[in-house]
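Chains A and B supply the protein sequences, listed in that same order. Per my numbering, residue 153 is the first one in the first sequence, and the count goes up by one each step. Per my numbering, residue 67 is the first one in the second sequence, and the count goes up by one each step. C-beta atoms are modelled at their ideal positions from N, C-alpha and C, and glycine is treated no differently. Just so we're clear, the structure is a prediction, and the values are computed from it rather than from any experiment. The block underneath contains the structure these notes are about, expressed in structure tokens.
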Amino acid sequence: MLIRIISLIFIILSFAAPAFAQSGTDPKPLIDALAKADFAEAETLIGQIAATGDPKVVPALDAFSEGDLYFRKSDSAVFIGKTGDAGLELIDPLTGASAGPTSKSAVTKIRVNNNLRRVIDAAKGGLTLMSPDRGVRLAAADAVLASPSPENLALVEAALAKETDSEVKARMQEARAVSVLSSDRSVDEKRDAIKTIKSLGGRNALGILNSVSSSIDPSLKSDLDSAIGSIEAEQQLWDMVQNVWYGLSLGSVLLLAAIGLAITFGVMGIINMAHGEMVMLGAYSTFMVQEVIRTHAPGLFDWSLAIALPVAFLVTGAVGFVIERCVIRFLYGRPLETLLATWGVSLILQQTIRSIFGPTNQEVGNPSWMSGSFPVGGMTITWNRMWILVFSLTIFFTLLVVMKKSAYGLNMRAVTQNRRMASSMGIRTPWVDALTFALGSGIAGIAGVALSQIDNVSPNLGQSYIIDSFMVVVFGGVGNLWGTLVGALSLGVLNKFLEPSVGAVLGKILVLVLIILFIQKRPRGLFALKGRAVEA
Amino acid sequence: MTFTSSIGAKFCGALLAAVMSTTALSGAFAADDTIKVGVLHSLSGTMAISETTLKDVMLMLIDEQNKKGGLLGKKLEAVVVDPASDWPLFAEKARQLISQDKVAAVFGCWTSSSRKSVLPVFEELNSILFYPVQYEGEESSRNIFYTGAAPNQQAIPAVDYLAETEGVKRWVLEGTDYVYPQTTNKILKAYLMSKGVAESDIMINYTPFGFSDWQTEVSKIKAFGSAGKKTAVVSTINGDANVPFYKELGNQGIKAKDIPVVAFSVGEEELAGLDTKPLVGHLAAWNYFQSVDAPINAEFIKEWKAFTKNPKRVTNDPMEAAYIGFNAWVKAVEAAGTTKTDAVLDSIIGVSVPNLSGGYSTVMPNHHITKPVLIGEIQADGQFDIVQQTAQVVGDEWSDYLPDSKNLISDWRKPMSCGNFNVATGKCGGKGM
């Protein structure tokens with residue numbers, strides 16, 4: 153939509169701007185010919201359409217790339233189709249004038265594939281380099297950069313001569329360098345181009361240099377190899393940083409999944425097999441919140457996660473409360489029965505969700521601020537992973553404050569350390585038990601909100617996290633929140649350093665083996681609790 | 067963990083015993099003048115996500131057949147059991163369906179593990195199984211009909227498409243670590259190398275079931291793709307791990323224009339849980355897409371939506387395979403005039419029934435079927451746009467590209483009646499069975 157608006161603005165402005173390389177051919181018959189063209193013919197036609205140099209064809213190319221180009225069955229005339237309330241609205245591909253609504257059966261969509269999209273991007277890049285809109289020019293330079301072709305070289309150079317914006321100019325320099333490499337320019341010019349691309353750095357530059365390495369002039373071979381070598385060396389360094397980041401990110405997911413368990417299992421000592429289902433319920437709460445928002449207040453969608461947090465906390469907290477009151481409180485001090493009972497509860501919860509929502513995945517959308525990525529040096533960081541890391545640390549420290557600084561936290565610690573003494577001091581221990589279990593479950597629910605952003609929301613969601621959660625809590629040291637934090641992050645980093653060299657499958661096995669060995673050596677985990685509480 | 071799972075198993079066992087006794091009871095009350103059909107799909111556990119749909123399709127098909135007057139003048143009756151995604155339980159349930167409920171044929175299974183688990187049961191008790199999911203090949207049983215795609219009906223045409231249309235020179239074979247991806251990748255590697263692709267241009271990579279942290283894998287693909295040659299990913303990633311995989315691809319900005327991914331286990335159903343806008347252009351290879359433009363398909367989709375009372379329900383390839391299998395069985399029973407296994411096994415070979423892509427599928431002597439291969443690109447609405455459709459392809463059970471099986475053929479017609487005939491030695495037997 154945005155692209156189309158921009159292109160429309162662009163058309164209007166382009167009447168004023170001097171058109172470049174206008175060969176004077178009317179693009180209309182070429183566009184109409186798309187109706188009957190197969191993929192190979194369409195590719196040729198796109199080249200011819202671009203060669204007209206007429207910027208008016210850009211909206212048609214855009215629509216083609218997006219799959220919005222149709223031809224009318226009655227007369228094979230090609231139109232841009234816009235889905236509206238009354239079926240499809242047809243728009244003239246060149247003038248942008250409306251040709252009235254039509255039914256979907258009266259037109260046929262003109263098929264497009266990846267290859268054509270690439271060709272269109274390159275063609276469009278060349279056509280929009282002179283656009284008055286800075287953003288369009290930048291995108292055009294990127295498009296030329298991504299698909300170097302000798303045809304675009306002249307266009308880039310002409311655009312460069314007129315460009316005033318420094319950022320766009322730099323990008324165009326890079327685009328020019330890429331095109332020079334694939335053209336038949338002089339060796340000196342190519343040597344400069346290699347330098348420019350080398351300073352660009354990153355995987356794309358590496359790909360571009362590698363792709364010409366077989367066809368390059370022998371005298372440039374050493375320049376090229378040294379450029380490739382230096383980019384690769386730099387990339388290797390970044391790969392190390394990237395591994396640490398990936399490890400922290402995986403660790404933050406483990407922390408999220410385990411943090412609720414650190415309370416129910418770690419602090420209370422309940423072997424809670426239904427922990428994963430609490431995470432799952434949190435994810436389904438997010439789904440429900442998003443469904444309501446989609447139907448009633450679509451504008452709030454970017455806030456859906458913030459709204460889902462308290463909802464998920466309350467829902468899962470309440471479920472946890474009920475489970476504690478109805479099942480677990482009868483089983484304190486009998487770990488085997490607790491395990492069996494919570495396992496049963498987890499099966500019941502799973503099947504209940506399956507009966508209500510069906511067994512298939514539910515779509516939980518990512519708000520715009522959680523989609524995409526941003527580059528940091530030679531690596532890319534995805535927004536969703538970054539926010540999840542921030543989020544899990546926030547939860548962790550909030551929980552820590554609640555446990556250490558609030559009256560409720562004091563009661564909770566008193567009860568877990570010495571139940572009878574706490575009871576004698578007037579603390580209602582059953583009530584504290586129930587609230588603690590509800591808190592642990594609620595935290596698991598909040599984790600579900602975050603995990604719904606990166607994983608499937610299906611009734612099986614919880615199962616995939618339960619083993620990992622226990623692993624983290626046991627490794628970090630039962631009863632110690634800091635242990636859970638350190639345990640989760642170190643397991644994450646360890647995993648991500650093993651993965652590139654031994655593969656994901658073996659990496660996971662090795663981590664498990666290492667944990668088993670570690671537990672043999674230190675049965676109480678990284679941070680063992682000391683004192684009487686251990687024996688109780 | 068053994069401890070937990072054995073307790074879990076016992077608990078499940080008790081539950082299942084209860085279910086079993088109820089089905090047995092309902093069986094006892096059923097009238098004699100019905101033909102029973104077994105439906106063996108997991109309705110609980112990890113595979114319920116995929117298999118529940120197939121159970122619904124079978125119920126719909128049986129329902130429709132009954133509306134048309136049933137079969138041989140009798141009504142069809144579905145006997146649905148739940149093997150709960152537990153492979154040994156599949157064998158147990160299959161035995162129960164055949165011996166206790168006396169079903170005429172069974173439609174079921176999804177994973178290869180479950181099929182391998184029931185295979186000896188069907189051979190021992192001489193009954194018929196229709197298996198509706200794409201699989202790795204390298205198997206042929208007298209009692210099983212494979213209506214899903216064999217590797218040559220899915221994987222190989224997909225790779226051909228990428229090489230020809232997109233000019234792909236470098237391949238990442240990314241899969242979940244179990245039998246289907248491993249065998250398929252073995253076949254694909256042998257095939258690509260036979261086409262002159264260097265070994266250094268093929269990267270094979272496996273991840274565990276339900277894998278969700280794809281950051282390292284995706285950046286590995288990115289790095290592999292920066293060697294200056296057009297790169298594509300061939301994905302045999304199993305169901306649940308796909309959503310996080312595609313999310314990571316989208317977030318890391320790998321577009322189909324740069325590195326296309328062609329998947330063999332991702333259909334309309336899997337995409338239903340995903341925002342597909344960042345995925346437009348990634349591909350899937352199947353024998354059927356919901357977007358197929360054929361009157362018979364439009365009719366099927368309409369019936370399916372009406373049957374499930376859900377206008378948003380999608381159709382997918384295994385549903386078409388179930389549809390073909392069921393109709394072929396009905397036609398074979400009508401031709402044989404009986405539901406007896408041996409008679410049906412004889413009459414079904416050569417039976418042709420309409421498939422949903424507008425053509426006909428024929429049951430071949432190797433118990434596989436003919437069907438066209440469709441390559442589709444993912445669209446923003448979660449559907450596929452078909453970019454290529456081949457002519458009919460005969461399912462090849464023994465791959466021609468693996469040294470162990472290239473001499474084997476299967477022909478269950480008399481007098482050969484052999485699932486692994488070695489054309490080099492001229493003898494029945496050898497690897498496989």
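Of all the CB atoms in chain B, is at least one closer than 8 Å to the CB of Q174(A)?
-> Since pLDDT at Q174(A) reaches only 47, below the 50 mark, its modelled position is unreliable, and no value is offered.
Who are the neighbours of V453(B) on chain A, taking C-beta pairs under 9 Å?
-> The answer, in chain order, is F191, R263, V264, N265, N266.
Residue interval of the alpha helix (DSSP H) (run including S217(A)) = Its alpha helix (DSSP H) spans residues 210–218.
Could you tell me which residues DSSP pairs with K140(B) in its beta bridges?
-> Per DSSP, the beta-bridge partners of K140(B) are L137(B).
Say whether chain A places a C-beta atom closer than 8 Å to the C-beta of V309(B).
-> For V309(B), the nearest CB of chain A lies under 8 Å from its own CB, placing it at the interface with that chain.
Rounded to whole angstroms, what's the CA-CA distance from E218(A) to T260(A)? Just pull it up for me.
-> Rounded to the nearest angstrom, the gap between the Cα atoms of E218(A) and T260(A) is 15 Å.
Name the chain B residues whose beta carbon is nearer than 8 Å to that of Q672(A)?
-> Here the premise fails: no neighbours, minimum Cβ distance about 17 Å.
Check whether the Cβ atoms of E443(B) and L349(B) sit closer than 8 Å, and answer yes or no.
-> Yes, Cβ-Cβ distance for E443(B) and L349(B) is below 8 Å.
Please look up how many angstroms separate the CB atoms of H434(B) and V399(B), rounded, as I've assumed it's under 8 Å.
-> That belief does not hold up - the Cβ atoms of H434(B) and V399(B) are roughly 20 Å apart, past 8 Å.
Beta-bridge pairing of D451(B) - partner residues as DSSP gives them | Paired residue(s): E443(B).
Within 8 Å (strictly less), CB to CB, does R486(A) reach chain B?
-> Not flagged as an interface residue toward chain B: R486(A), since no C-beta distance is shorter than 8 Å.
In chain B, which residues lie with their C-beta within 8 Å of the C-beta of K225(A)?
-> Residues of chain B whose Cβ lies closer than 8 Å to the Cβ of K225(A) do not exist, since the nearest Cβ in that chain is about 13 Å away.
Can you give me, in chain order, the residues of the region 454–480 of chain B that have a beta carbon less than 7 Å from any beta carbon in chain A?
-> Here the close residues number zero.
Identify each residue in the region 282–295 of chain B for which the Cβ-Cβ distance to at least one residue of chain A is less than 8 Å, and report them in chain order.
-> Residues passing the 8 Å Cβ filter: T282, E283, S285, K286, K288, A289, G291, S292, A293, G294, K295.
P519(A) versus chain C: which residues are under 7 Å apart at the beta carbon?
-> The structure shown contains no chain C; the protein chains it does contain are A and B.
Tell me, which residues are paired with P42(B) by DSSP?
-> Here chain B has residues from 67 to 499 only, and residue 42(B) is not among them.
Taking all protein chains shown into account, decide if E341(A) is buried (16 or more other Cβ within 10 angstroms of its Cβ) or exposed.
-> By the neighbour-count rule (16 or more Cβ atoms within 10 Å), E341(A) is not buried but exposed.
Decide yes or no for the touch test of the region 321–329 of chain B against the region 289–309 of chain B: beta carbon pairs closer than 8 Å, at least 3 of them.
-> Flag = yes, the region 321–329 of chain B and the region 289–309 of chain B touch.
Taking only beta-carbon atoms, is Q388(A) less than 8 Å away from chain B?
-> Residue-level contact by beta carbon fails for Q388(A) and chain B, as no gap is shorter than 8 Å.
Measure the Cβ-Cβ separation of T242(B) and I303(B) and say whether it is below 8 Å.
-> The Cβ atoms of T242(B) and I303(B) sit closer than 8 Å to each other.
Whole-angstrom distance between S423(B) and Y354(B), CA atom to CA atom = Distance between the alpha carbons of Y354(B) and S423(B): 6 Å.
Of all the CB atoms in chain B, is at least one closer than 8 Å to the CB of Q200(A)?
-> Not a single CB atom of chain B sits nearer than 8 Å to the CB of Q200(A).
In angstroms, rounded to a whole number, what distance separates the CA positions of I415(B) and V429(B)?
-> Distance between the alpha carbons of I415(B) and V429(B) is about 5 Å.
Output, in sequence order along the chain, the residues in the region 356–367 of chain A whose CB is closer than 9 Å to any CB in chain B.
-> Listed by position, the residues of the region 356–367 of chain A near chain B (Cβ gap below 9 Å) are N356, A357, L358, G359, I360, L361, N362, S363, V364, S365, S366.
Report the option in Q449(B), S278(B), Q318(B) whose CA atom is closest to the CA atom of V609(A).
-> For V609(A), the closest C-alpha among the options Q449(B), S278(B), Q318(B) is that of S278(B).
Is it right to say N486(B) is buried, meaning 16 or more other beta carbons lie within 10 angstroms of its own, or is it exposed?
-> Burial check for N486(B): the Cβ neighbour count within 10 Å reaches 16 or more, so the residue is buried.
Given a cut-off of 8 Å, decide if V339(A) and I371(A) are closer than it, judged by their beta-carbon atoms.
-> The question names Ile, yet the displayed sequence has Ser at residue 371(A). Here S371(A) is near V339(A), since their CB atoms are less than 8 Å apart.
Would P274(B) count as contacting chain A if we go by Cβ distances under 8 Å?
-> Closer than 8 Å to some Cβ of chain A, the Cβ of P274(B) qualifies, so yes.
Nonlocal neighbours in the same chain, by C-beta distance under 7 Å from T407(B), ignoring five residues either side = Result list for T407(B): N192, S193, I194, in chain order.
Please confirm if S604(A) has its CB atom under 8 Å from at least one CB of chain B.
-> For S604(A), the answer is no, since every Cβ of chain B falls outside 8 Å of its Cβ.
Assign A258(A) to buried or exposed, taking buried as 16 or more other Cβ atoms, counted over all protein chains shown, within 10 Å of its Cβ.
-> With fewer than 16 Cβ atoms within 10 Å of its Cβ, A258(A) is classed as exposed.
Closest Cα partner of Y560(A) within the set F589(A), L279(A), M538(A) = When only C-alpha atoms are compared, the closest one is F589(A).
Who are the neighbours of T532(A) on chain B, taking C-beta pairs under 9 Å?
-> Residues of chain B whose Cβ lies closer than 9 Å to the Cβ of T532(A) are, in chain order, S285, K288, N317, Q318, G319.
Taking only beta-carbon atoms, is E651(A) less than 8 Å away from chain B?
-> Closer than 8 Å: yes.
Given that a residue counts as buried once 16 or more other Cβ atoms are within 10 Å of its Cβ, and exposed if not, what is V526(A)?
-> The sequence given here has Phe at residue 526(A), not Val. Exposed is the call here.
Listed by chain order, chain A residues near F277(B) by CB distance under 7 Å = The contact set of F277(B) on chain A, defined by CB atoms closer than 7 Å, consists of A656 in chain order.
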